[in-house]
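First the structure, in the form of structure tokens, and then the observations on it.
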Amino acid sequence: MPHEILRGGRVPIRIWTDPAGVEAKVAEQLRNVANLPWVHGVAVMPDVHYGKGATVGSVIAMRDAVSPAAVGVDIGCGMTAAKSSLTVENLPDDLYKLRHKLERAIPVGRGVHKNAVQPGGVAGLKERGWYDFWKGFDELIPGVREREGKARHQLGTLGSGNHFLELCADDAGAVWLVLHSGSRNIGKELAEQHIEMARRLPHNQDLPDPDLAVFIAGTKKMDDYRRDLFWAQEYARRNRAVMLALAQNVVTKEFGPKLCRWEDTISCHHNYVSEEVYDGVPVLVTRKGAIRAGKGELGIIPGSMATGTYIVRGLGNPWSYQSASHGAGRKMSRAAAKRTFSLADLAAQTEGVECRKDSGVNDEIPGAYKDLEEVISAQADLVEVVARLRQLICVKG
Numbered sequence: 014m015p016h017e018i019l020r021g022g023r024v025p026i027r028i029w030t031d032p033a034g035v036e037a038k039v040a041e042q043l044r045n046v047a048n049l050p051w052v053h054g055v056a057v058m059p060d061v062h063y064g065k066g067a068t069v070g071s072v073i074a075m076r077d078a079v080s081p082a083a084v085g086v087d088i089g090c091g092m093t094a095a096k097s098s099l100t101v102e103n104l105p106d107d108l109y110k111l112r113h114k115l116e117r118a119i120p121v122g123r124g125v126h127k128n129a130v131q132p133g134g135v136a137g138l139k140e141r142g143w144y145d146f147w148k149g150f151d152e153l154i155p156g157v158r159e160r161e162g163k164a165r166h167q168l169g170t171l172g173s174g175n176h177f178l179e180l181c182a183d184d185a186g187a188v189w190l191v192l193h194s195g196s197r198n199i200g201k202e203l204a205e206q207h208i209e210m211a212r213r214l215p216h217n218q219d220l221p222d223p224d225l226a227v228f229i230a231g232t233k234k235m236d237d238y239r240r241d242l243f244w245a246q247e248y249a250r251r252n253r254a255v256m257l258a259l260a261q262n263v264v265t266k267e268f269g270p271k272l273c274r275w276e277d278t279i280s281c282h283h284n285y286v287s288e289e290v291y292d293g294v295p296v297l298v299t300r301k302g303a304i305r306a307g308k309g310e311l312g313i314i315p316g317s318m319a320t321g322t323y324i325v326r327g328l329g330n331p332w333s334y335q336s337a338s339h340g341a342g343r344k345m346s347r348a349a350a351k352r353t354f355s356l357a358d359l360a361a362q363t364e365g366v367e368c369r370k371d372s373g374v375n376d377e378i379p380g381a382y383k384d385l386e387e388v389i390s391a392q393a394d395l396v397e398v399v400a401r402l403r404q405l406i407c408v409k410g
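Taking this note's numbering as reference, the numbering of the sequence shown is continuous, increasing by one, and the terminal residue is 410.
Okay, structure coming up:
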């Protein structure tokens with residue numbers, strides 16, 4: 014059962030944190046969503062915080078409708094992780110050189126690959142349907158057709174903001190690679206164009222928030238959005254697959270293939286839409302800042318630059334629409350973090366982690382995020398912990 018019900022919605026707002034601790038503007042966002050006529054139900058994760066369109070950390074089940082702004086502009090953003098046969102005893106004391114080798118292999122920030130990545134050009138990259146996937150680019154809305162070259166060169170790049178690539182160790186000392194990224198510029202452009210289209214539709218003119226504008230099932234605009242949405246989600250998944258393969262190649266080359274082998278990859282979106290059925294009703298489930306936590310499904314819940322990451326297994330709780338949090342969640346804005354914390358604070362809070370410690374990442378300081386342990390504890394009926402990881406290297410955009 015959920016922690017409590019947040020009152021004021023046309024449908025129940027099931028919440029896995031203390032409603033008294035939810036900011037007024039966040040509660041208003043949640044109630045606005047829950048009062049939409051198409052909404053079947055809303056679940057709120059313990060990492061909940063304010064977001065554009067829909068609240069970050071929210072799960073929205075809609076009947077015959079979807080809100081593109083509720084998905085957000087980083088369509089398909091999510092996590093990927095893989096465990097290696099390496100242990101911390103195999104690693105050098107100084108990880109500076111390894112961090113820079115990872116940064117050279119995977120462009121960060123606005124960086125792109127000089128040559129577009131091809132499956133055969135990256136050892137270990139097994140991507141089925143690669144060429145059929147790219148054929149789908151021609152079917153996207155006309156406004157992005159000229160972006161194919163950029164999209165190809167950005168595939169396998171990290172981006173900036175809260176995206177990261179990390180080398181971690183679990184409590185048993187096993188070494189993991191973990192990364193967080195999404196659909197890059199192509200996902201952003203697709204989202205922005207569809208959001209603007211939805212806002213202009215007649216049925217969306219009296220909404221309490223224009224960012225809640227929806228497309229309705231049975232319309233061409235809905236069909237176009239779903240086609241572009243699912244393509245962008247697949248782009249995001251492939252983007253992470255390419256980066257993981259590139260990072261694995263760096264680590265394997267560093268330590269040798271006899272010592273370094275890799276287990277199966279864990280991957281999950283946390284900004285996306287899925288077709289599911291609850292209470293016997295087919296719905297479109299929008300998870301914005303939430304992962305699917307179906308029974309037995311593995312997921313990844315990170316904290317911040319130095320507070321660890323959890324590998325979890327879903328319990329399939331239907332009250333949360335089989336969902337769990339996507340991370341610790343921010344407790345202050347980027348601007349507030351920059352005002353509050355100094356570079357000395359950043360260095361202190363990331364002590365022991367090989368990472369940037371400059372003004373370009375100060376808004377990602379651990380102190381700007383909620384307590385990860387509390388967030389995990391609050392969802393004990395949603396997921397069970399499989400492994401806890403601590404950061405050794407953190408690469409930021």
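Think of the CB as a built atom: it goes at the ideal place given N, C-alpha and C, for glycine as much as any other residue.
A distance of 8 angstroms or more separates the beta carbons of H282 and I314. For the options W189, Q206 and M256, the alpha carbon positioned closest to that of R403 is the one of W189. Shown here for N262: same chain residues with a beta carbon closer than 8 angstroms to its own, the five before and five after excluded, namely A118, V135, A136 and G137 in chain order. Cβ neighbours of S280 within its own chain (closer than 6 angstroms, five residues either side excluded): T93. Here A95 is not near W244, since their CB atoms are 8 angstroms or more apart.
Rounded to whole angstroms, the gap between the alpha carbons of D371 and K163 is 29 angstroms.
The beta-carbon distance between Y285 and R300, rounded to whole angstroms, is 6 angstroms. This is short enough to meet the 8 angstroms contact definition. In the structure shown, P331 falls within a helical segment according to DSSP collapsed to helix, strand and coil. Taking the CA atoms as reference points, M58 sits about 20 angstroms from H176.
By the CB criterion at 8 angstroms, V72 and A47 fall outside the cutoff. Below 8 angstroms, too few C-beta pairs join the stretch 37-53 and the stretch 301-312 to call them touching: fewer than three.
Rounded to whole angstroms, the gap between the alpha carbons of R44 and R20 is 8 angstroms.
In terms of Cβ geometry, K409 and V374 form a close pair [threshold 8 angstroms]. For H193, the uninterrupted beta strand (DSSP E) segment begins and ends at A187 to S194. Taking all protein chains in view, the Cβ of S355 is surrounded by fewer than 16 other Cβ atoms within 10 Å, so the residue is classified as exposed.
The stretch 254-338 is shown to contain whole beta strand (DSSP E) runs of 3 or more residues at 279-282, 284-291, 294-301, 303-305, 311-315, 322-327 and 336-338, in chain order. In the DSSP secondary-structure assignment, R343 is bridged to Y382.
In this chain, the beta strand (DSSP E) harbouring R401 covers V396 to K409.
Of the candidates G327, R213 and G380, G380 places its Cα closest to the Cα of M345.
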